[in-house]
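Down below is the structure, laid out as structure tokens.
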Amino acid sequence: MIDKEGYRENVGIVICNDQRKVLWARRTGEEAWQFPQGGINNGESAEEAMYRELKEEVGLDPHNVEILARTKGWLKYDVPKSWIRRDCRDRYRGQKQIWFLLRFTGKDSDVFLKNTEKPEFDDWKWAGFWAPIDQIIDFKKAVYEQALKELFEYLPSA
């Protein structure tokens, strides 16, 4: 769903383990790494979208995680115009996201990246909590930083 300002509603998912590391996933066929994320469908709550994306992108079920926190409001980023299809440029600007912090309660072997015909990711790893800020593509950097700063206070002790 795209709002009147041109932002698509989306969820971002930060999954942390007991060592305070976060699940970091590589986009299929690229050297680009990011957190799982995805759009919110019509009639779907942010939490429902988060669980759907969690299953689609990294194969985790609700019993594999515990919700620790979510951002208080929408965090927005603009997508560079050169990345937007020409037929969408007049109505699409970027994403507005609700971010969730989840505690991983499963085993590493529970992570499964091939749940759809076109998997979003082809590899994953555990990374330091703040490492994604230095590694994410520039136009998402401010949102990642804002989300991690807001969620940090809910990160469990190691």
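Heads up, the sequence shown is in the working numbering, so the first residue is -8 and it goes up one at a time. The beta carbon of each residue, even a glycine, is placed where N, CA and C say it ideally should be. Predicted model only: the values in this text are computed from it and were never measured.
Does any CB atom of chain B fall closer than 8 Å to the CB of Arg(-1)? The structure shown contains no chain B; it is built from a single protein chain.
From which residue to which residue does the alpha helix (DSSP H) around Leu59 run? Here Leu59 belongs to no alpha helix (DSSP H); instead the beta strand (DSSP E) covers Val56 to Arg61.
For the beta strand (DSSP E) containing Ala83, name the first residue and the last one. One detail in the question is off: residue 83 reads as Tyr in this sequence, not Ala. Neither: Tyr83 is in no beta strand (DSSP E) and is coded neither H nor E.
Under the DSSP definition of a beta bridge, which residues are partnered with Glu0? Its beta-bridge partners are Lys87.
Going straight from the alpha carbon of Leu139 to that of Trp121, what length do you get? Approximately 7 Å, taken between the alpha carbons.
Under 8 Å, do Gln83 and Gly(-3) count as touching if we go by C-beta distance? The sequence given here places Tyr at residue 83; Gln does not occur at that position. For Tyr83 and Gly(-3), yes; Cβs fall inside 8 Å.
Using a Cβ distance threshold of 8 Å, determine whether the region 5 to 25 contacts the region 117 to 135, with at least three qualifying pairs required. Between the region 5 to 25 and the region 117 to 135 there are three or more C-beta pairs closer than 8 Å, enough to call the two in contact.
Spatial neighbours of Phe112 in its chain, beta-carbon cut-off 8 Å, leaving aside the 5 residues before and after: Sequence-distant Cβ neighbours of Phe112 in its own chain, meaning closer than 8 Å and more than five residues away, are Ala16, Arg17, Arg18, Thr19, Pro27, Glu48, Val49 and Leu104.
Are Phe91 and Val2 close, meaning C-beta to C-beta below 8 Å? Yes, the pair counts as a contact, with Cβ atoms nearer than the cut-off.
Would you mind listing the alpha helix (DSSP H) stretches within the region 84 to 146 that are 4+ residues and don't spill past its ends, in chain order? The qualifying runs are 122 to 126 and 129 to 143.
Per DSSP, which one or two residues make a beta bridge with Val5? According to DSSP, Val5 bridges with Leu92.
Would Arg77 be called buried (16 or more neighbouring beta carbons within 10 Å of its own) or exposed? That one is exposed.
Please classify Arg80 as buried or exposed, where buried requires at least 16 other C-beta atoms within 10 Å of its C-beta. Classification of Arg80: exposed, given that the 10 Å Cβ count is below 16.
Top-ranked residue by Cα proximity to Pro110, from Ile127, Ile4, Leu45 and Asp52: Ranked by Cα distance from Pro110, the options Ile127, Ile4, Leu45 and Asp52 are led by Leu45.
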